Amino acid sequence: MGVPEIEDAKLLFVFGYNGAASHPIVARRIVRAKEKGAKIICVDPRKIETARIADLHLQLKNGSNLALVNAMANVIINENLLDRDFIEQHSNGFAEFEPIVQKYTPEYASKITQVDAEDIRTAARMYATSGTSMILYGMGVCQFGQAVDVVKGLANLAIMTGNFGRPSTGIGPVRGQNNVQGACDMGALPNCFPGYQAVTDPAIREKFEKAWGVAKLPDQIGCPITHVPHRVLHEKDPKKQIHAYYIFGEDPAQSDPDLAEVREALDKCDFVIMQDIFMNKTGKHADVILPSTGWCEHDGVYSSCDRGFARIRKLIEPQGDVKTDWEIISLISTAMGYPMHYKNTEEIWNELIALCPGFAGATYEKIEKLGSVQWPCRDKAMTDTGTPYLHKGAKFAHPDGKAKFYGTEWRPPSELENDEFPMVFSTVREVGHYSVRTMTGNCRLLRNLEDEPGWAEMNTADCEALNVKKGELVKILSKRGYCITRCLPTERVKKGAVYMTYQWWIGACNELTNAVLDPVSNTPEYKYAACRIEKIADQAWAEKHILDEYEGIRDQMGIKPKTPGGAPEGLKKPAAVAAAVAVVL
Ligand SMILES: Nc1nc2c(c(=O)[nH]1)N[C@H]1C(S)=C(S)[C@@H](COP(=O)(O)OP(=O)(O)OC[C@H]3O[C@@H](n4cnc5c(=O)[nH]c(N)nc54)[C@H](O)[C@@H]3O)O[C@H]1N2
Ligand SMILES: Nc1nc2c(c(=O)[nH]1)N[C@H]1C(S)=C(S)[C@@H](COP(=O)(O)OP(=O)(O)OC[C@H]3O[C@@H](n4cnc5c(=O)[nH]c(N)nc54)[C@H](O)[C@@H]3O)O[C@H]1N2
Ligand SMILES: [Mo]
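With my numbering applied, the sequence shown corresponds to residues 7 to 591, in that order.
Spelled out as structure tokens, the structure:
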């Protein structure tokens with residue numbers, strides 16, 4: 007699918023995706039679809055903005071996704087809302103899939119999901135009968151130990167109702183960052199070269215060996231980022247141990263789960279390189295820091311979440327001792343004995359498209375002319391303008407051209423609420439700040455909008471039971487660590503769950519998160535751990551403590567100017583708290 011197609015769906019099934027905070031431009035398309043008459047179903051444990059405009063909000067219990075998805079399949083089968091022709095002509099595996107979901111009656115799933123059985127039936131009917139239903143999913147699906155199974159479960163719904171291979175249908179992973187799709191397209195994955203060409207395929211290796219003039223490229227799959235701490239700290243096999251870590255455009259000391267373990271691993275590494283446009287938390291553990299240019303200081307190509315290649319251009323001259331990322335890589339490579347002498351990004355791009363059949367037609371010239379070219383684009387001729395949506399005419403990627411049903415049982419998350427840690431801890435995003443906050447934390451305007459130590463969203467009843475009020479600093483703990491943040495009572499979240507955003511340096515929620523991974527994607531279970539909230543009796547001490555911490559971190563991050571004699575702007579809120587701080591100081 008392409009992002010613009012969202013507007014023309016008759017039904018949007020928005021699953022674990024909070025566009026209004028995460029991708030406001032995509033969210034506009036959702037609003038426009040609504041204006042054009044689309045029905046909207048929102049599946050989220052919180053009352054997010056999409057829920058407010060939705061025709062149906064399934065406010066499920068955290069971690070129960072697959073039970074809900076299987077129950078929808080169950081209804082579609084038992085109420086005969088299937089597209090039998092599509093199933094017969096374009097898919098395999100329905101006979102094996104059907105018995106697995108028979109157990110997931112709406113009543114059975116209702117106990118797991120806390121969603122009314124009748125609402126599950128309504129959602130299934132709406133999805134199956136609109137004629138043009140599109141699924142949008144986000145991190146509410148991916149950041150679980152059982153994530154890929156849920157994506158496959160959503161695909162089952164699309165296949166069984168024939169919602170594939172036409173505009174405004176299918177399942178859309180509304181991918182996170184502006185260029186996360188691009189990083190994967192370029193081969194920043196452990197198992198493939200650029201263009202999703204497997205490192206384990208001898209013919210593919212030979213092609214790259216020839217092109218790059220090397221005798222032998224490794225045939226082993228590399229290490230996913232989330233396996234690094236284990237391979238540094240606990241790996242016995244010397245061949246698999248990691249001793250050096252080159253970190254580039256990533257801040258694992260802020261964004262990876264279980265930060266205490268990440269820090270231990272970074273410190274145990276013999277050699278850590280950090281290449282970034284700002285100082286970040288990982289930089290504190292680095293032996294070498296390589297400063298690079300930011301997005302408006304260099305040329306390049308981004309891939310958007312809909313596989314669209316778009317060009318970016320240098321707008322301003324970089325200042326100071328910096329180089330572009332590609333120049334740094336070329337220099338290191340040359341110094342290590344493999345000379346790289348690219349003149350510009352177009353030369354690199356041309357090498358890439360020559361080696362990747364799916365990208366072969368996406369020349370700079372064509373991208374320039376069309377604005378965006380969605381791969382696959384195989385032919386350089388201007389008539390090949392790329393592929394707006396995949397599986398046209400219901401042709402799928404399996405060798406026989408058919409889609410495949412995958413039935414799986416729901417599994418609960420790995421760390422459940424217990425006596426010591428009675429609440430669910432889930433981590434999300436907010437609109438004003440970005441990921442590890444190097445970029446937005448260095449922007450005064452955005453700091454004025456929201457600043458350290460962030461907020462913990464909790465149900466008003468839970469706050470009352472704990473006797474904590476809006477703005478009060480609280481300690482929030484899991485088995486692995488704790489952080490201090492402010493309490494934000496709200497009716498938007500259900501009782502028993504706590505939500506934090508993950509960008510705060512002091513309110514660093516990844517001190518608490520659980521490093522358990524989905525076995526296929528290796529994505530951590532950021533959306534489910536067990537936690538406890540503790541009231542802090544001495545608020546004045548706590549306010550002073552976070553101020554001191556913040557000054558220290560800002561020093562380390564090189565954020566200037568230091569605020570002379572007082573709280574950084576954001577910390578001055580709320581007024582009552584500021585008054586308390588003034589007394590202490
Ligand atoms: N302002 C801002 N924008 C960003 C980012 C940022 O940091 N700041 N980060 C970017 C990145 S890297 C990404 S990946 C995207 C991510 O964007 P989204 O996919 O929107 O990610 P989240 O907000 O983490 O999670 C989405 C929703 O999942 C819900 N959720 C939690 N648990 C469950 C569950 O068990 N089931 C279901 N169905 N839902 C659940 C949460 O309540 C939340 O509303 O945003 C990008 N955009
Ligand atoms: N608890 C919790 N943790 C999470 C998540 C969550 O939902 N909850 N979400 C996860 C997700 S989906 C993601 S994608 C990650 C994101 O986490 P990260 O990838 O670690 O965070 P970013 O802020 O995207 O950027 C990382 C670094 O790239 C630098 N950078 C920006 N532009 C450039 C450039 O052009 N060149 C170089 N060399 N560096 C640059 C930034 O300054 C920053 O230090 O966080 C993950 N962590
Ligand atoms: Mo992401």
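Yeah, the Cβ is synthetic: ideal placement off N, Cα and C, and Gly gets one too.
The structure displayed is predicted, hence computed values, not measured ones.
Counting the other CB atoms within 10 Å of its CB gives Gly-413 a total of 16 or more, which places it among the buried residues. One thing to note: Ala-27 has its Cβ within 9 Å of the Cβ of Val-434. The DSSP assignment places 331-341 as complete runs of the alpha helix (DSSP H) inside the region 329-355, in order along the chain (cut-off: 4 residues).
Between Asn-68 and Lys-533 a beta carbon distance of about 7 Å is seen, short of the 8 Å cut, so the two are scored as contacting.
A buried status is given to Phe-19, since no fewer than 16 other beta-carbon atoms sit within 10 Å of its beta-carbon. The DSSP assignment places complete alpha helix (DSSP H) segments of no fewer than 4 residues inside the region 486-572 at 545-563, in order along the chain. Thr-175 and Met-140 have their C-alpha atoms some 4 Å from each other.
Membership of Asn-465 in the beta strand (DSSP E) is indicated by the continuous run 461-465.
Comparing alpha carbon positions, the residue from Lys-375, Pro-394 and Gly-377 closest to Cys-383 is Pro-394. Short note on Ala-27: C-beta closer than 8 Å to some heavy atom of ligand 1. Phe-92: member of the alpha helix (DSSP H) spanning 90-96, first to last residue.
Under the three-state reduction of DSSP, Lys-375 is assigned to helix. Closer than 8 Å to some heavy atom of ligand 1: that describes the Cβ of Ile-54. Judged by beta-carbon spacing, His-96 lies within the 9 Å limit of Gly-171, meaning their Cβ atoms are closer than that value. A distance below 9 Å separates the beta carbons of Arg-317 and Gly-306. Our two residues, Pro-530 and Lys-386, have alpha carbons roughly 40 Å apart in a direct line. Ordered along the chain, residues surrounding ligand 3 are Met-145, Gly-182, Gln-183 and Val-186 [Cβ under 7 Å from any heavy atom].
A distance criterion of 8 Å places the beta-carbon of Val-434 in contact range of ligand 2, judged by its closest non-hydrogen atom. When C-alpha distances from Ala-161 are compared across Phe-150, Gln-187, Gln-149 and Ala-134, the shortest belongs to Ala-134.
Shortest Cα-Cα distance from Ala-129 to any of Gly-22, Val-49, Tyr-23 and Ser-309 involves Val-49.
Exposure of Asn-350 is indicated by the presence of fewer than 16 other C-beta atoms within 10 angstroms of its C-beta. In the DSSP assignment, Leu-452 falls within the alpha helix (DSSP H) that extends over 450-455. Taking the CA atoms as reference points, Glu-41 sits about 27 Å from Val-75. About 28 Å separates the beta carbons of Arg-486 and Ala-189, which is beyond the 8 Å limit, so they are not a contact pair. For the options Glu-104, Leu-296, His-439 and Tyr-505, the alpha carbon positioned closest to that of Trp-461 is the one of Tyr-505. Here the C-alpha atom of Thr-330 lies approximately 24 Å from the C-alpha atom of Ser-261. Restricting attention to Asn-86, His-397, Glu-540 and Gln-380, the CA atom closest to the CA of Asp-390 is found in Gln-380. Per DSSP, reduced to three states, the secondary structure at Asp-14 is helical. When the beta-carbon positions are compared, Thr-491 and Trp-510 come within less than 9 Å of each other. Between Pro-235 and Ala-204 a beta carbon distance of about 26 Å is seen, past the 8 Å cut, so the two are scored as non-contacting. If you check the CB distance, Asn-71 and Gly-144 do not come in under 9 Å.
DSSP places Tyr-252 in the strand class (E or B) of the three-state scheme. A distance below 7 Å between beta-carbons, with the five flanking residues on each side excluded, links Asn-448 to the following residues of its chain, in chain order: Phe-284 and Ile-565.
Thr-507 is a Cβ neighbour of Glu-436, given a cutoff of 9 Å. Here the distance from the Cβ of Tyr-508 to the nearest heavy atom of ligand 1 is below 8 Å. The residues Ile-231, Val-234, Val-268, Leu-272 and Thr-288, in chain order, have a CB closer than 8 Å to that of Pro-258 in the same chain once the five nearest residues on each side in sequence are set aside.
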